[in-house]
Structure formats: structure tokens, C-alpha cells
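Enquirer:
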Amino acid sequence: MKGLEDVVAVETNIAYIDGITGILAYRGININDLMDNSFEEVCYLLVKGQIPSGDELEEYKRSLREARPLYDEVLEVIRACNKEADAMDVLRTAVSYMAQVDEDYTDNSMEASNRKAIKLIAKFPTIVAAYFRIVNGEEPVQPDLNLSHGANFLYMLTGKKPNSIESEVMEKDLILSAEHGLNASTFASRIAASTHSDIYSAIISGICTLKGPLHGGARLGAMEMLDSIGSLDRVEKYVNDCISNKKRVAGFGHR
Numbered sequence: 004m005k006g007l008e009d010v011v012a013v014e015t016n017i018a019y020i021d022g023i024t025g026i027l028a029y030r031g032i033n034i035n036d037l038m039d040n041s042f043e044e045v046c047y048l049l050v051k052g053q054i055p056s057g058d059e060l061e062e063y064k065r066s067l068r069e070a071r072p073l074y075d076e077v078l079e080v081i082r083a084c085n086k087e088a089d090a091m092d093v094l095r096t097a098v099s100y101m102a103q104v105d106e107d108y109t110d111n112s113m114e115a116s117n118r119k120a121i122k123l124i125a126k127f128p129t130i131v132a133a134y135f136r137i138v139n140g141e142e143p144v145q146p147d148l149n150l151s152h153g154a155n156f157l158y159m160l161t162g163k164k165p166n167s168i169e170s171e172v173m174e175k176d177l178i179l180s181a182e183h184g185l186n187a188s189t190f191a192s193r194i195a196a197s198t199h200s201d202i203y204s205a206i207i208s209g210i211c212t213l214k215g216p217l218h219g220g221a222r223l224g225a226m227e228m229l230d231s232i233g234s235l236d237r238v239e240k241y242v243n244d245c246i247s248n249k250k251r252v253a254g255f256g257h258r
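If you want the working numbering, it's the position in the sequence shown, counting the first as 1, plus 3.
#1: Looking at the structure shown, is N33 part of a helix, part of a strand, or coil, going by DSSP?
#2: According to DSSP, what are the bridge partners of Y19?
#3: When the Cβ atoms of the segment 38 to 46 are set against those of the segment 146 to 155, are three or more pairs found closer than 8 Å?
#4: Counting beta carbon pairs with one atom in the segment 84 to 102 and one in the segment 59 to 72, are three or more of them shorter than 8 Å?
#5: Just the Cα atoms here: how many angstroms apart are L217 and G254?
#6: Three or more beta-carbon pairs under 8 Å between the segment 15 to 33 and the segment 43 to 55, yes or no?
#7: Which residue wins for smallest C-alpha separation from V80, given the options N117, V131, N186?
#8: What's the C-alpha gap between Y100 and D110?
#9: What did DSSP end up calling G162 once you bin it into helix, strand or coil?
#10: According to DSSP, is M228 helix, strand or coil?
#11: By alpha-carbon positions, which one of F127, T24, S197, N186 ends up nearest to D92?
#12: Rounded to whole angstroms, what's the CA-CA distance from E94 to G57? Just pull it up for me.
#13: Express the C-alpha separation of M113 and I206 in angstroms, rounding to a whole number.
#14: Less than 9 Å between the beta carbons of E169 and L157, yes or no?
#15: Going by DSSP, what residue range makes up the alpha helix (DSSP H) through Y47?
#16: Pull up the distance between the alpha-carbon of L27 and that of D36, whole angstroms please.
#17: What number of angstroms, rounded off, separates the C-alpha of V98 from the C-alpha of Y203?
#18: A125 and S66: beta carbons closer than 9 Å?
#19: Short check: CB of H183 to CB of I23, under 9 Å?
#20: Using the Cβ count rule (16 or more neighbours within 10 Å means buried), how would you classify N248?
#21: Rounded to the nearest angstrom, what separates V252 and T189 at their Cα positions?
#22: From A90, G31, N155, pick the residue whose C-alpha is nearest to that of K214; which is it?
#23: Could you give the DSSP three-state label for Q103: helix, strand or coil?
#24: Residue ranges of each alpha helix (DSSP H) run of no fewer than 4 residues wholly in the segment 120 to 187, ordered along the chain?
#25: Label T129 either buried or exposed according to how many other C-beta atoms from any shown protein chain fall within 10 Å of its C-beta, with 16 as the threshold for buried.
Dropping the structure here:
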């Protein structure tokens, strides 16, 4: 059976990636030129196709921040999840249940889908942070509506407001991870959407695909590798051992 490598499934102008020369662009704008923007601005750019005006940005920020708190029923589902579960499994389960308690659940119009998209973007960090704290024996922290998207995520994880450097690093990581073209999870989401399924089903398809170790799950492998190396002086030996044993170095061409 032959895979889909090099098959052109769809063309997009949302993102451009050239891994050989190290180019990543969103809507034709080089990622380096977007690093001083907020995550919310970049998110608006990806969704709407243009950098927002001042008023547009404030309205977009407001809608995202107001949508951060979880439905009580979703929080109870998170509490009921296996404490040994993979966080991606919990995210998938929470999003699936979230669809059923969304007031727009049966409305698949473009307007309702846009509202659902806002909720998904806003609540993902709240779901992840809530599960992290519950697993570690702590109560979830309610979102701070005065913090940026990235800073609020760190606050909900730790219970402490991050400093400016921590906030900036989180924002930049979110921006860099926001769009990577037609990767496996995006492809899965588009397949679900192409059947005229709802946006929740499309996103859940993406989450299930993202979990795999040949896709988003590779980050876990990279973190485990860094933990196993332990210190800088052991890096060269680790890499040489990988080469000698024909093992992949996690995070570099994990496919």
C-alpha cells in the first residue's frame, strides 16, 4: 500500500513551509515578521486572512477571553478521566463532550461555526491546564480575563502570573505552532469537514491524528530524550550512539 507522500491533496495560501531553507510564512508574511505580534493577532490573520485593525483586535480578544471558562459539565468530565491518561486523550474526550453542551450544537451555519471556533481556541488551554492540575492533586485555576492567551495558559498551569519573559516565550511558541500547512492532523480535519460534518467532529479528528508519535506526539519523544540525556556534556555521545545504532534523534525528521 502506498502512502500520500508527494500527493497534492489541496493548495493553500494560509501557510507556506520550506523546511530545507527554513522558511515559514503565514498568509504570505514571513514568520520572523510576526514575532512581535500577539498570538491573538496572528490567530486573526490565519482565520480572517489579514492583520486586524485596532478595533477588530480588541473585539477578537474580548470574544476569546470571555470564552475561556469551561462549562461545568466539561470540568466534571475532566475530573472523571483516568489520572494516568494521555493528556491528548483527555483533550479529545473533553472537546467531544463540550460539543454536546454547546448552545450552538445543532447549528452548523457559518456564523455558528465561527462562534464554535472561538470557543475551541479559547477553551483548549483551560482544558489542558485543568487536567494538569487535577492529575497533580490541585484544583483548576479559573482563567484570568486580563491576561493574554499565552500568559493566561501559564497562569492556569501554575497558579502564578508569569513574568514578561515567560509570557513572551509562551506567546512565541504558540505563534510558531499555530499553522503548519496541510500536515496529517489538518488533513484529517479537512477530510471530516469535507463530509459536511460539524466543526467539533473535524477538530476531534485532528486531535486524534495529532496524538500519534509520527506527528504531534513526537514532542513527547523529544522531551523524554532530553530528560534521558540529562546534561550538555552527554549530547555528543547520545547522538553518536543513535547514529551507530541507526536510531532516529527525536524531533528531527520523526517521520
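Don't be surprised by glycine CBs; every beta carbon is placed ideally from N, CA and C.
Expert: Looking at the coordinates:
#1: strand
#2: A28
#3: yes
#4: Of all C-beta pairs linking the segment 59 to 72 to the segment 84 to 102, fewer than three are shorter than 8 Å, placing the two stretches out of contact.
#5: Each residue's Cα considered, the two are about 10 Å apart.
#6: Contact between the segment 15 to 33 and the segment 43 to 55 is present: three or more C-beta pairs spanning the two stretches fall below 8 Å.
#7: V131
#8: 16 Å
#9: Coil.
#10: helix
#11: Comparing Cα-Cα distances from D92 to each of F127, T24, S197, N186, the minimum goes to F127.
#12: Note on residue identity: the sequence assigns Leu, not Glu, to residue 94. L94 and G57 have their C-alpha atoms spaced approximately 33 Å apart.
#13: 16 Å
#14: yes
#15: For Y47, the enclosing alpha helix (DSSP H) stretches over residues 42 to 51.
#16: 10 Å
#17: 7 Å
#18: yes
#19: no
#20: exposed
#21: 25 Å
#22: A90
#23: helix
#24: 152 to 161, 167 to 180
#25: buried
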